[in-house]
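Numbering-wise (my numbering), the sequence shown opens with residue 1253 and increments by one.
Positions of the beta carbon are idealized from the N, C-alpha and C atoms, including for glycine.
This one's a predicted model, so the numbers in the text were calculated from it and none came from an experiment.
Following: one structure in structure tokens, then a few remarks.
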Amino acid sequence: MQGLILEGTTTDSVRLSDDLELVGALTPRQVRVEVRAAGVCGSDLSCVLGKYHLPTPLVPGHEAAGVVVETGAAVTYCSVGDHVILSTFGNCGHCDDCESGDPGNCTNSALGSLKQPFAENGRPVYNFANIGAFVQQTTVSESQCIPIPAAMPLAAAALVGCSVATGAGAVFNRARVQIGDTVAVIGAGGVGLNVIQAARLSGASAIVAIDRAAAKEALAREFGATDFVLADGDDFDPVAAVKSLCPAGVHHAFEVVGDTALLAQAISMTRPGGNVAAVGVPDLGARVTYPFLDLHQNKSLLGIRAGGARPRKDFPMLVDLYLRGRLKLDEMISHTAGLDGLQDAFDALQSGTEARTVLLPNG
Ligand SMILES: [Zn+2]
Ligand SMILES: [Zn+2]
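Following this line, the structure appears as structure tokens:
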């Protein structure tokens, strides 16, 4: 089958293979999924650029939806033919964290656990984020398969698995934005737009979007931003820009870019008692420094893995909001393309000119 294989640390070190295969029979709780749609996320770019220090060869891609084609003998979560959104957690489903409703904290499948479900000409190939979605079929555990109604378009469904769950989950599950709160969002890409629309759904009064691309303003406002600040020039000061709109600072500042300097500035733009949400993921070896006094006044710095999601609760809820016309997803999809569209998608991500490309590995 076809799939994309990374062997290096540059965007052009990804190549299209016609000779990928899934290795071995399914174990009792595994599921084989035909990937119908896979969004190209900022984390795929970071993965390909070596910021996560993962071994190669590796199939990137992790924001995906598809159709179940085979189930292991003990699988009960889904059946052949079900449409599913894939979760990156790969959690065990039966430890104390899974049982208490925090599958993202599962220690039996730690963040960055490595699997090699694929091979190319007999050579083992890793997956990214427990999925490896830029491929025609992949193998995951049943806890990663969240069934959705067949009426849900699969390209829009794919986005729910990462950018929507991550952005909306940061608002709903972690910061818990309340009606009338003020919000700043640094980075108005795929995840940032979902922070914005979830803040709107939560009843935030001011939603200040900050981005370095002027082209993001229209979409940011469409998703619910009340103000857009263009991060223009080397001397741009996001703290001063936010405080000119919300003089005391904001109740919640979301850093979505994954930049440690911006995270420090997010701390400084938050009002006393507020939340600083570290949504974006920098190089995993990065260290953050910030002025001590800027966090001191009862602010909370929130580490957030994938929106603090409970996929089996959150994904159907988000799909339901979409099907009822309350959540924007189609507006995020700038392009669809085959697997050969990855380079263009990376170019667009790096220039900040579009929200999302969705790859359709099976056409
Ligand atoms: Zn992602
Ligand atoms: Zn577990």
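Considering only their Cβ atoms, is the gap separating residue j from residue i smaller than 7 angstroms?
i	j	result
residue 1385	residue 1290	yes
residue 1451	residue 1491	no
residue 1457	residue 1419	no
residue 1255	residue 1269	yes
residue 1505	residue 1522	yes
residue 1348	residue 1358	no
residue 1343	residue 1395	yes
residue 1559	residue 1421	yes
residue 1324	residue 1278	yes
residue 1314	residue 1400	no
residue 1317	residue 1403	no
residue 1434	residue 1377	no
residue 1613	residue 1591	yes
residue 1475	residue 1449	yes
residue 1508	residue 1444	yes
residue 1588	residue 1571	no
residue 1466	residue 1605	no
residue 1310	residue 1601	no
residue 1545	residue 1527	no
Could you name the residues that DSSP lists as bridge partners for residue i?
i	result
residue 1553	1528
residue 1254	The partner list for residue 1254 (beta bridge, DSSP) is empty, contrary to what the question assumes.
residue 1398	1337
residue 1473	In DSSP, residue 1473 forms no bridge with anything.
residue 1379	1311
residue 1267	1257
residue 1291	1315, 1610
residue 1448	Answer is none; residue 1448 lacks a bridge partner.
residue 1387	1255
residue 1321	According to DSSP, residue 1321 bridges with nothing at all.
residue 1371	1273, 1376
Using the C-alpha atoms, what's the distance from residue j back to residue i?
i	j	result
residue 1529	residue 1321	38 angstroms
residue 1493	residue 1482	9 angstroms
residue 1497	residue 1462	12 angstroms
residue 1411	residue 1305	25 angstroms
residue 1407	residue 1532	23 angstroms
residue 1561	residue 1437	19 angstroms
residue 1536	residue 1327	34 angstroms
residue 1484	residue 1440	14 angstroms
residue 1337	residue 1575	15 angstroms
residue 1253	residue 1607	29 angstroms
residue 1547	residue 1442	28 angstroms
residue 1464	residue 1495	18 angstroms
residue 1390	residue 1319	11 angstroms
residue 1368	residue 1427	35 angstroms
residue 1585	residue 1471	11 angstroms
residue 1564	residue 1551	31 angstroms
residue 1549	residue 1556	21 angstroms
residue 1360	residue 1539	26 angstroms
residue 1514	residue 1333	44 angstroms
residue 1430	residue 1520	21 angstroms
Our contact map puts residue i next to residue j with C-beta atoms below 8 angstroms; I'd like the distance itself, whole angstroms only.
i	j	result
residue 1340	residue 1382	5 angstroms
residue 1414	residue 1285	Their Cβ separation, rounded to whole angstroms, is 15 angstroms, which puts residue 1414 and residue 1285 out of contact at 8 angstroms.
residue 1266	residue 1274	In fact, because the Cβ distance is near 19 angstroms, the residues do not count as touching under 8 angstroms.
residue 1594	residue 1292	7 angstroms
residue 1542	residue 1500	Their Cβ separation, rounded to whole angstroms, is 19 angstroms, which puts residue 1542 and residue 1500 out of contact at 8 angstroms.
residue 1281	residue 1393	6 angstroms
residue 1598	residue 1308	Contact flag wrong, Cβ pair sits at about 17 angstroms.
So that I know if they touch, is there some Cβ in chain D lying closer than 7 angstroms to that of residue i?
i	result
residue 1580	Here there is only one protein chain, and chain D is not present.
Any heavy atom of ligand 3 inside 6 angstroms of the beta-carbon of residue i?
i	result
residue 1397	Among the ligands modelled here, namely ligand 1 and ligand 2, ligand 3 does not occur.
Practice prompt. Give, in chain order, every unbroken run of the beta strand (DSSP E) that is at least 3 residues long and sits entirely within the region 1559-1605.
Written response: 1585-1589
Practice prompt. Just list the beta strand (DSSP E) runs in the region 1456-1508, keeping only unbroken ones of 3 residues or longer that don't cross its boundaries, in chain order.
Written response: 1458-1463, 1479-1482, 1502-1507
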